[in-house]
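Be aware that the sequence shown starts at 4, since it is given in my numbering, and climbs by one per residue.
For each residue, glycine too, the CB sits at the ideal point set by N, CA and C.
For reference, the structure discussed in these notes is given below.
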Amino acid sequence: MNQAGKISTEARERIIAAAAELYEKSGRKRHPSVDQVRQLAGVDMDAASVVLKDWRRVQPATAAALDGEVPEGVSQAGLAALEAIWTQAKALANDSLSAAQAAWERERAELDQLRAELAGAFERQAAELDATRRQLSASLALTAQQAQDLAVAQPQAEAFRERMDKAEVRVGELERELSEAKSELLRAQNELRLSAADGRAAETALAKLRGELLQSGASAAMKAEVARIKTPPKPVVAPQAGEEPSLTAAYTPQPAAEDILKFR
């Protein structure tokens, strides 16, 4: 089976419709290119070239179709004018030959154009394929570099994660130590406040006791001074000659009340 037999009817119809549409758009002045038909019909290059070749072959024959009626000169000559008929037949044959030759020349020109279009289309496809290949190579190289960078960075990330875990553990320990220190500080502050309160209470009690002692001492001193004042002093007898001085204790003044009040 040749290439034309492999083309589906639906694809062939799309190609012919695309060629006719492009041909009409050009005002029937030039045939569409294979690449244009391929893009418009949505088929591959081989199918477009085969169907477009057949379509171009039909166009000149249809445009230059010969009239099937007998020429006027032949019908008038009749059987008696065989020479004229022969001459006319040769002229018609020559005209047909000239028309066939012209059609062949046009078809050859179209084939040359088709060959040039196919070559240009294949060159463009080759360029696109080469660009795609280069892009794919660059993408593969970039992927390989990224994989290498990832392989290098992964141990570093693991080490960093391990340091972060240790740091988190240390932070937890420091937080517990700080909480304990705060608790100790609060206890110390409470004890200090209690000690300060006890000190103030002790100072108050001491001051009260000092006042009581001062009051008690002053009262006793004043009583002794009043008794001394009320009691007359005993006379002092001078010793006789040869007599030893009396061992009687002499009057000894008691401390004054103001001296006792100086006690603190």
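query = Under the rule that 16 or more other beta-carbon atoms within 10 Å means buried, what is residue 18, buried or exposed?
reply = Under this definition residue 18 is a buried residue.
request  = Alpha carbon to alpha carbon, how far is residue 155 from residue 164? Give it in angstroms, no decimals.
outcome  = Whole-angstrom Cα-Cα distance: 15 Å.
query = Rounded to whole angstroms, how far is the Cβ of residue 54 from the Cβ of residue 118, which I believe are closer than 8 Å?
reply = That pair is no contact at about 16 Å.
key: Euclidean distance between Cα positions of residue 77 and residue 91   = With a pLDDT of only 49 at residue 77, under the threshold of 50, the placement of this residue in the model should not be trusted; the figure read from the coordinates follows. Near 7 Å, if we compare the C-alpha coordinates of residue 91 and residue 77.
ask   = Would residue 40 be called buried (16 or more neighbouring beta carbons within 10 Å of its own) or exposed?
value = buried
message = Less than 7 Å between the beta carbons of residue 110 and residue 37, yes or no?
response = Cβ distance not < 7 Å, so residue 110 and residue 37 don't count as in contact.
inquiry  = Tell me the residue span of the alpha helix (DSSP H) that contains residue 28.
reply    = 12–28
request  = Please classify residue 34: is it buried, with 16 or more other beta-carbons within 10 angstroms of its beta-carbon, or exposed?
outcome  = buried
key: For residue 40, the first and last residue of its enclosing alpha helix (DSSP H)   = Element bounds for residue 40: 37–44.
query = Of the choices 108, 128 and 217, whose alpha-carbon is the least far from that of residue 47?
reply = 128
Spatially closest choice to residue 268 from 22, 143, 212 and 150, by CA coordinates = Residue 268 falls outside the range modelled here, since the chain spans only 4 to 267, and no answer is possible.
key: Where residue 291 sits in the DSSP three-state scheme   = Since the first residue of the chain shown is 4 and the last is 267, residue 291 is not available in this structure.
request  = Tell whether a beta-carbon distance below 7 Å holds between residue 113 and residue 59.
outcome  = In this structure, residue 59 lies closer than 7 Å to residue 113 by Cβ.
query = If you check the beta carbons only, do residue 51 and residue 10 fall under 7 Å apart?
reply = Taking 7 Å as the Cβ cut-off, residue 51 and residue 10 do not qualify as a contacting pair.
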